[in-house]
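Below you'll find the structure, written out as structure tokens, and then a few comments.
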Ligand code: 3H9
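Residue numbers (this note's numbering): 64 to 762.
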């Protein structure tokens, strides 16, 4: 029987003669919460006090080494011992102390390894310092010990990209000292023996000096100042890494302060909300039930959406039958899928060797009957209810019993589509976002009669496609497009009333959107909104202030944005420039409507735009189209380019507060009482002091 001493629930010591193994066991990802920290410190202190073992090897049980600090503890009062202190105790061990890394060693997990005297990697490992994705920086020695091993440029790259580095790259860059295969405990025993034999050298990382590289630091600082002026932690990362050329203790102090400062920012709270939100959206009973097997998928429509959806399925290893009505459409579809896969190869998402085999899983066809054996059909033809009903009527007879019939419609009534079949239980909306093989959002639109196992299959498919599946109810536009249809009017009203399209774009880019709404319109094609406005013209509320005057006139000139060379902006080589004709159109519309332009500050623009977004988002939660506020937040982060560090519209709403939002709505309503109506949910929240975060917990 091995001599195992349990230090606490998550840390144990196994003594094997001269060797002591410390095992970390905190499923599912061995996060270094308080119990792990305390146990590690106690175990190392005890073994040093005993002074019997001649080498200590730390490894982890389960599927991975340590995935970092326990993120659930962030934002709460810190519980000692602090991770940097534990690692200092480890590094100071007078008994050689090594680590064996398998799975993913991220953040504090990699920092743990860096504080040991040698690191043995197990094939397949990935290491990274992803703290930047949480609005933080490595805070347990990562910014100090990593550059000592890899040099400053590589450490800057790892910390600022947050990317995971594979085994080979980790070995080549000195992050691990040895790469082997095997079970972590067996490897720990063997490696410990190698230390005893003198074949695996050990040294403290703090004894290595960081090679100074002022150029790399200055260039990176300048790049961040230009590209991410509003972000907090990236700049702190550069400052901390710059401090790694001095004594370790001094550098650790700089890192500690920068970590505490980052922890106290709203950016950190927003990004951690995003981390847990991404996981929470599929953590619902409907997603967890039994799902139907999906081995083969049919996609109807070879346009941009259909080809993107087909590409996404192929990249997940699922064979696809692509259906079009005419040969030229089919050829275009095949060409687009091929181009998408080539793009995936160049982005490193698909290996060149696998490209041909992946494309070979696509079987194009002009015959709908060829869908008889697929498990799921995704219809992605243009948005016309009659066309969709016709297709679903045909699928009803062609598809095998139990096949799932999905529509990629972005706003049409899925109940009405389902009624075109005699198997409404098999019908669901699967709303992808363009480009479908890149964008991570998948709205899973549950109609009245959709069977539970079809809903669960939607979530299972999202997971296989590496997408974030969010449940949505049926309504015009579901979660995302419904909210977008409402708040995008604000941008138009601002322009009618005095702002320029460029000012609106710049203000919202300053807030953190990658592109302002007019640039997005130009990119997506202004004709899309034009068509929607025409479609809705007859049903428009007569009391609604029309928002489309300027955009309609731009479209009447045949200017649809990028694809026609001009829209709000003119697209020649180089950066887009404001279209002077648009300024004339705006002046003309204002004159016709008797509008005297007034001035808006950038903050006015942000406040109005965000308040409108929050209003419709609150109504979407209120009427159950979205299950919880976090579902809306993830739709916006993964489908609409909402700045991640703001956490999503309703996380952001909590930072303003319901009472202040109501005050704003009342102020704006003086100008347009029809548009600026307070959602009942916000009124209730202001009255009882609840927040959207409370609603997330309650659901
Ligand atoms: C840090 O280390 C700071 C230090 O520098 C300084 C400190 C002083 N904590 O993703 P999965 C949960 S910052 C708590 O579905 P996968 C996760 O929520 C940290 N919980 O699995 C989920 O829970 P549930 C830097 C965590 O196999 C469950 O574990 N580290 C943590 O797809 C399974 O996770 C990171 O940012 C955590 N650290 O992916 C790494 N990590 O089942 C973050 C996960 O209830 N983690 N959980 O929904 C990851 O990137 C992925 O989880 C990982 C596994 C790749 C490890």
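Ideal placement from N, C-alpha and C gives every residue a C-beta, glycine not left out.
Since this is a predicted model, take the numbers as computed values, not measurements.
Our contact map puts residue i next to residue j with C-beta atoms below 8 Å; I'd like the distance itself, whole angstroms only.
i: residue 229; j: residue 189; result: 6 Å
i: residue 171; j: residue 197; result: Actually they are not in contact, since the Cβ atoms of residue 171 and residue 197 sit about 11 Å apart, beyond 8 Å.
i: residue 584; j: residue 630; result: 7 Å
i: residue 162; j: residue 176; result: 5 Å
i: residue 357; j: residue 279; result: Contact flag wrong, Cβ pair sits at about 48 Å.
i: residue 660; j: residue 561; result: 4 Å
i: residue 711; j: residue 225; result: 20 Å between Cβ atoms; not a contact.
i: residue 475; j: residue 448; result: 6 Å
i: residue 184; j: residue 234; result: 7 Å
i: residue 136; j: residue 191; result: Wrong, their Cβ atoms sit about 20 Å apart, outside the cutoff.
i: residue 534; j: residue 694; result: 7 Å
i: residue 395; j: residue 434; result: The Cβ separation is near 20 Å, so there is no contact.
i: residue 706; j: residue 576; result: 6 Å
What three-state label does DSSP hand residue i in the structure shown?
i: residue 575; result: coil
i: residue 382; result: coil
i: residue 426; result: strand
i: residue 401; result: helix
i: residue 376; result: helix
i: residue 509; result: strand
i: residue 276; result: coil
i: residue 360; result: strand
i: residue 176; result: helix
i: residue 75; result: strand
i: residue 446; result: coil
i: residue 94; result: coil
i: residue 455; result: helix
i: residue 641; result: strand
Between the Cα of residue i and those of the options, spot the shortest distance and give me the residue it belongs to.
i: residue 654; options: 634, 580, 287, 612; result: 612
i: residue 128; options: 248, 117, 216; result: 248
i: residue 76; options: 109, 96, 457; result: 109
i: residue 718; options: 453, 751, 458, 755; result: 755
i: residue 100; options: 668, 71, 79, 113; result: 71
i: residue 603; options: 472, 458, 738, 379; result: 738
i: residue 645; options: 617, 670, 658, 79; result: 617
i: residue 151; options: 242, 114, 312; result: 312
i: residue 401; options: 414, 374, 479, 382; result: 374
i: residue 273; options: 701, 180, 307; result: 307
i: residue 564; options: 332, 649, 759; result: 649
i: residue 639; options: 626, 651, 647; result: 626
i: residue 588; options: 566, 573, 615; result: 615
i: residue 679; options: 743, 111, 287; result: 743
i: residue 300; options: 141, 209, 310; result: 209
i: residue 318; options: 298, 337, 332; result: 298
i: residue 524; options: 437, 290, 515, 355; result: 355
i: residue 329; options: 723, 708, 148; result: 708
i: residue 349; options: 482, 647, 517, 413; result: 517
Find out if the Cβ-Cβ distance for the pair residue i, residue j is shorter than 9 Å.
i: residue 303; j: residue 227; result: no
i: residue 766; j: residue 365; result: The question about residue 766 has no answer, for the chain in this structure spans 64 to 762.
i: residue 431; j: residue 467; result: no
i: residue 443; j: residue 334; result: no
i: residue 579; j: residue 698; result: no
i: residue 74; j: residue 98; result: yes
i: residue 519; j: residue 492; result: no
i: residue 477; j: residue 508; result: yes
i: residue 713; j: residue 728; result: no
i: residue 567; j: residue 668; result: yes
i: residue 513; j: residue 548; result: no
i: residue 94; j: residue 131; result: yes
i: residue 424; j: residue 480; result: no
i: residue 180; j: residue 378; result: no
i: residue 675; j: residue 553; result: yes
i: residue 134; j: residue 445; result: no
i: residue 360; j: residue 239; result: no
i: residue 598; j: residue 735; result: no
i: residue 556; j: residue 610; result: yes
i: residue 473; j: residue 521; result: no
i: residue 483; j: residue 463; result: no
Using a Cβ-Cβ distance cut-off of 9 Å, determine whether residue i contacts chain D.
i: residue 323; result: Although the question refers to chain D, the structure presented lacks it and comprises just one protein chain.
Can at least three beta-carbon pairs, one atom from the region 246-261 and one from the region 81-99, be found at a separation below 8 Å?
yes
Stretch pair the region 316-334 + the region 487-497: three plus CB contacts closer than 8 Å:
no
Kindly confirm or deny that the region 500-512 and the region 522-531 touch, where touching means at least three C-beta pairs closer than 8 Å.
yes
Just checking, does the region 255-262 make contact with the region 108-123 on the three C-beta pairs under 8 Å criterion?
Because the criterion of three Cβ pairs below 8 Å is met, the region 255-262 and the region 108-123 touch.
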